[in-house]
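Read the structure below first, then the notes.
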Amino acid sequence: MADSGSKLHPLDLYDMTAAEPRLGSSNMVDTFSYDTLFSEGSTDTPLNPGLHAKYDFATAYPAPETLPLDGLIQSLQAAVDRDSTKVLAELAYYPHQLGALELREYTAEKLAADRGFTVTADEIALTNGSGEALGLVIQALTDPGDIVLAEEFVYMGTTSQLRRFGADVRGVAMDEGGIIPQALDEQVTALTAAGETPKYLYTIPEHQNPMGSTLSGERRKEILKIAHKHNLPILEDDCYVDLRYKGDVQPAFRALDDSGIVVYVASYSKLLAPGLRLGYFTASPELMRRALSFKLGSGPNQFAAVAIEGYLRNNLESHRDNFNPILEAKCDSMVVALEEHFGDSGATWSIPEGGCYVWLTMPESSDISTIRDKVFDQGVGYVAGPNFEADASGRIGKNCARLCFAFESVEKNAEGIALLAQLFKQHGAM
Ligand SMILES: Cc1ncc(COP(=O)(O)O)c(C=O)c1O
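Take 229 as the starting number for the sequence shown in the numbering used here and just add one per residue.
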């Protein structure tokens with residue numbers, strides 16, 4: 229509590245833990261009402277309370293223990309030691325609309341080396357996470373009522389942006405290998421015949437969120453042929469590509485096609501840390517200009533960009549070599565625990581080669597979405613299947629859940645899955 233002689237911060241006037249403000253009611257003003265002033269498009273959406281269950285399989289990023297905090301700080305310091313005037317100038321001005329040049333140059337080199345396609349630094353736009361990149365591209369391509377295709381279960385951050393800008397999202401059939409090309413072809417053909425030609429396809433081809441699947445190179449080539457046949461751009465979200473601990477990396481759609489039909493989006497959130505808020509995209513020049521025309525403000529945080537560039541330029545391989553075996557061990561412990569505790573329940577689960585997620589499918593009669601809150605309160609967090617349904621029909625996901633194995637420790641993954649089985653039994657879901 230500040231004493232009467234010192235300056236008060238506005239929040240010091242209130243005891244945040246008490247029901248009543250500390251100020252006497254005679255000093256209170258009536259609360260201003262915005263009731264008649266809200267825009268039609270605004271919604272009163274509760275803030276995410278940010279709660280974690282004891283065993284948190286809902287949080288969707290790698291564990292903080294892999295975050296290279298010292299390395300990032302040293303990189304920033306090294307950039308200042310090398311050329312403090314340059315770093316100062318970068319901070320003294322608003323960032324370029326495309327973001328810090330050194331990180332764009334590094335990203336272009338990384339894409340050429342890791343993803344096999346060549347773009348210049350000026351063909352890359354850095355964004356506040358890849359979520360912003362996706363939103364900009366969606367705005368440039370979507371009118372209300374447009375049909376947009378996506379995997380039948382897909383990352384809800386993108387579907388909520390798609391719906392926000394009026395898209396009618398339809399799910400494309402998948403199996404454990406991702407989108408089934410023939411099903412895609414048939415669906416687009418049928419929609420077009422019905423006068424409902426879809427506008428574009430959104431896909432997460434590598435370690436898909438939430439199902440953990442990866443599209444083979446063969447399927448990608450088939451999907452590209454279908455895309456050209458139907459004039460259907462592909463919005464490729466390569467957010468998890470660096471998180472591979474098994475098997476071979478598959479070629480990016482963008483590396484298989486130089487025509488401009490592929491828009492490529494990726495992120496430094498999962499490789500390094502989501503709090504850095506650094507993602508990026510590259511697309512054909514006019515689409516990039518139109519997407520960027522929706523950008524509010526300038527490029528993303530320069531400090532973060534300089535730290536990432538310096539750190540990854542010197543440490544990408546060692547970081548991945550440290551990080552991915554940790555992910556693998558965590559995935560293994562969850563999968564082994566699922567075998568032990570769910571083995572004779574009729575459930576199935578995906579076994580990913582990378583990324584953060586195992587997709588659990590209980591028998592169809594089992595509803596694990598309505599018991600999700602109770603299970604959370606009893607100690608295990610997961611995200612229920614209906615949240616990922618592309619078409620939001622609530623028809624196909626109630627017996628499914630996404631389990632993130634990356635956030636908790638190896639031990640907690642095993643303990644949490646044992647408890648999950650116990651709780652499912654207690655609630656009649658198993
Ligand atoms: C598939 C996918 N794309 C994009 C994002 C957005 O990530 P960010 O905005 O942190 O780059 C996420 C985050 O979970 C994701 O899973």
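Every residue, glycine too, gets a C-beta built ideally from N, C-alpha and C.
From which residue to which residue does the alpha helix (DSSP H) around residue 396 run?
In the DSSP assignment, residue 396 falls outside any alpha helix (DSSP H) and within the unbroken beta strand (DSSP E) covering 396-400.
Is the distance from the Cβ of residue 519 to the Cβ of residue 343 below 7 Å?
The criterion of a C-beta distance shorter than 7 Å is not satisfied by residue 519 and residue 343.
Check the C-beta distance from residue 494 over to residue 270 and give it rounded, since I have them as a contact under 8 Å.
Between residue 494 and residue 270, the beta carbon gap of about 31 Å keeps them out of contact (Cβ cut-off 8 Å).
So, is residue 301 buried or exposed, given that buried needs 16 or more other C-beta atoms within 10 angstroms?
It is exposed - the Cβ of residue 301 has fewer than 16 other Cβ atoms within 10 Å.
Using DSSP with H/G/I as helix, E/B as strand and the rest coil, what is residue 623?
Three-state DSSP puts residue 623 in coil, outside helix and strand.
In terms of alpha-carbon separation, which member of 616, 641 and 523 lies closest to residue 438?
Closest option to residue 438, judged by alpha-carbon separation, among 616, 641 and 523: 616.
Alpha carbon to alpha carbon, how far is residue 569 from residue 286?
Those two C-alpha atoms are separated by around 19 Å.
Where residue 380 and residue 505 are concerned, what is the direct C-alpha to C-alpha distance, given to the nearest angstrom?
Computed Cα separation, rounded: 27 Å.
For residue 327, which residues of its own chain have a beta-carbon under 7 Å away from its beta-carbon, when the five flanking residues on both sides are left out?
Counting only Cβ-Cβ distances below 7 Å, and skipping sequence neighbours, we find 353, 354, 527, 528 and 533.
Looking only at C-alpha atoms, which of 264, 378, 277 and 364 sits nearest to residue 451?
Nearest option by C-alpha distance: 378.
Below 5 Å from a heavy atom of ligand 1 - residues by beta-carbon:
Any residue whose Cβ sits closer than 5 Å to a heavy atom of ligand 1 makes the list: 288, 357, 358, 359, 383, 432, 437, 465, 467, 495, 497, 502 and 507.
Output the distance between the C-alpha atoms of residue 476 and residue 602, rounded to the nearest integer angstrom.
Here the alpha carbon of residue 476 sits roughly 40 Å from the alpha carbon of residue 602.
Spatial neighbours of residue 653 within its chain, please: C-beta separation below 8 Å, excluding the five flanking residues on both sides.
Spatial neighbours of residue 653 in its own chain (CB-CB distance under 8 Å, excluding positions within 5 residues in sequence) are not present.
Given a cut-off of 7 Å on the beta-carbon distance, is the pair residue 387 and residue 397 in contact?
Closer than 7 Å, so yes.
Between which two residues does the beta strand (DSSP E) containing residue 281 stretch?
That residue, residue 281, is in no beta strand (DSSP E); it is neither H nor E in DSSP.
Give the straight-line distance between the Cα atoms of residue 513 and residue 351, rounded to the nearest whole angstrom.
Distance from the CA atom of residue 513 to the CA atom of residue 351, rounded to whole angstroms, is 7 Å.
Beta-carbon gap between residue 562 and residue 459 smaller than 7 Å:
At least 7 Å separates the beta-carbon of residue 562 from that of residue 459.
To the nearest angstrom, how far is it from the Cα of residue 279 to the Cα of residue 551?
Distance between the alpha carbons of residue 279 and residue 551 is about 25 Å.
Would residue 635 and residue 291 qualify as a contact pair, given that the criterion is a beta-carbon distance under 7 Å?
Closer than 7 Å, so yes.
Roughly how many angstroms lie between the CA atoms of residue 584 and residue 261, to the nearest whole one?
Between residue 584 and residue 261, the C-alpha separation is close to 44 Å.
Roughly how many angstroms separate the alpha carbons of residue 346 and residue 305, rounded to a whole number?
Whole-angstrom Cα-Cα distance: 30 Å.
Selected residue, minimal CA-CA separation from residue 649, among 638, 624, 619 and 609:
609 is the residue among 638, 624, 619 and 609 whose C-alpha sits nearest the C-alpha of residue 649.
Hey, would you say residue 427 sits closer than 7 Å to residue 376, going by beta carbons?
One thing to note: residue 427 has its Cβ within 7 Å of the Cβ of residue 376.
What does DSSP give as the partner residue(s) for residue 507 in the beta ladder?
Residue 507 pairs with 355 and 495.
Hey, quick one: how far does the alpha helix (DSSP H) through residue 634 stretch, first residue to last?
No alpha helix (DSSP H) holds residue 634; DSSP gives it neither H nor E.
Can you find the residues in the same chain that come closer than 6 Å, C-beta to C-beta, to residue 323, ignoring five residues on each side of it along the sequence?
Here the set comprises 526, 527 and 530.
C-beta atoms of residue 361 and residue 503 nearer than 7 Å
It is not a contact, given that the beta carbons lie outside the stated cut-off.
Under a three-way DSSP split, which group does residue 347 fall into?
It is coil, neither helix nor strand.
Could you round the C-beta distance between residue 612 and residue 625 to whole angstroms and report it? I think they count as a contact, below 8 Å.
Separation of the CB atoms of residue 612 and residue 625 is rounded to 7 Å, and the pair is thereby assigned contact status at 8 Å.
Short check: CB of residue 517 to CB of residue 334, under 7 Å?
In terms of Cβ geometry, residue 517 and residue 334 do not form a close pair [threshold 7 Å].
Considering just the uninterrupted stretch of the alpha helix (DSSP H) at residue 465, what are its terminal residues?
Not the alpha helix (DSSP H): residue 465 falls in the beta strand (DSSP E), residues 462-465.
Name the one or two DSSP bridge partners that residue 407 has.
Under the DSSP definition of a beta bridge, residue 407 partners with 402.
DSSP three-state assignment for residue 322, whether helix, strand or coil:
Three-state result, residue 322: coil.
May I ask which residues mark the beginning and end of the alpha helix (DSSP H) holding residue 379?
Taken as a continuous stretch (DSSP letters only), residue 379 belongs to no alpha helix (DSSP H), being part of the beta strand (DSSP E) at 375-379.
Within 10 Å of its beta-carbon, does residue 644 have 16 or more other beta-carbons around it, so buried, or fewer, so exposed?
Answer is buried; the Cβ neighbour count reaches 16.
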